[in-house]
Each structure stands twice: as structure tokens, then as C-alpha cells.
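Peer 1:
Numbering (the numbering used here), first residue to last: 9 to 111.
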């Protein structure tokens with residue numbers, strides 16, 4: 009749990025998301041995931057697969073939603089992700105695999 013400013017925006021509850029750390033800038037990135045929500049019918053749940061990207065600042069402990077540049081990855085859960093900070097590809101997140109649930 010992060011304790012930022014009351015009423016500040018933050019990602020909603022989810023499973024199957026991934027986290028990666030940028031030590032140089034003191035941030036934690038969160039991408040994607042999956043959540044179930046109650047449907048209109050009793051005892052029926054529908055799922056949502058996310059394609060949002062968030063950053064948590066370790067300095068302020070506040071989340072901010074980031075805009076993806078270019079063609080971003082599709083909504084997914086259950087994937088792998090890492091952050092690369094060195095060389096020509098510095099400051100990039102890499103994702104591999106995962107899937108989208110169509111419940």
C-alpha cells in the first residue's frame with residue numbers, strides 16, 4: 009500500500025500485472041493486469057484486461073498515469089516485464105507474452 013496525498017489517483021485493484029523498477033529515477037512501473045467486476049446479472053462476473061501504465065515515485069509515494077508513446081502493447085495479463093536503463097536502449101520497458109481474458 010502506498011500512502012500518498014489523500015484523494016490522489018492510483019491504479020485500481022488487479023492481478024496478473026507486472027512491476028519493474030527504475031533505480032536511476034526512483035520509480036516503480038506497473039503495467040496491465042486483470043480484474044473481475046460484477047455483471048448486471050446476479051452471480052455473473054465479467055473481466056477487464058488493462059493496458060494502462062503507471063509510475064510510483066519513491067520520493068513522494070504518489071502514483072501518476074503515464075501516456076504510452078507510439079504503438080503500445082495490447083491489454084494483457086500474466087506476462088513478463090523488465091526495465092532497461094543502460095546503453096542506447098536506456099529508459100525502456102520490455103514486455104513479453106501474456107494474454108487477454110475474454111470472460
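Every residue gets a Cβ at the ideal spot worked out from N, C-alpha and C, and that includes glycine.
1) Going by CA-CA distance only, name the one from 18, 43, 32, 36 that's closest to residue 85.
2) Look at residue 15 and residue 67 and say whether their C-beta atoms are less than 8 Å apart.
3) Hey, out of 79, 40, 72, 20, whose CA is closest to residue 89's CA?
4) Bridge partners for residue 33 per DSSP, in chain order?
5) If you follow the beta strand (DSSP E) that residue 100 is in, where does it begin and where does it stop?
Peer 2: With the structure as the only source:
1) Counting from one through the chain shown, the residue named residue 85 turns up at place 77. With distances taken between Cα atoms, residue 85 lies closest to 43.
2) One-based indexing of the chain shown puts residue 15 at position 7. One-based indexing of the chain shown puts residue 67 at position 59. Result no, Cβ atoms of residue 15 and residue 67 do not sit closer than 8 Å.
3) The residue you call residue 89 lines up with position 81 of the chain shown. Closest option to residue 89, Cα to Cα, is 40.
4) As a working mapping, residue 33 is identified with position 25 in the chain shown. DSSP output for residue 33 lists no bridge partner at all.
5) On the chain shown, residue 100 is found 92 positions in, with the first residue counted as 1. First-last of the beta strand (DSSP E) with residue 100: 100 to 104.
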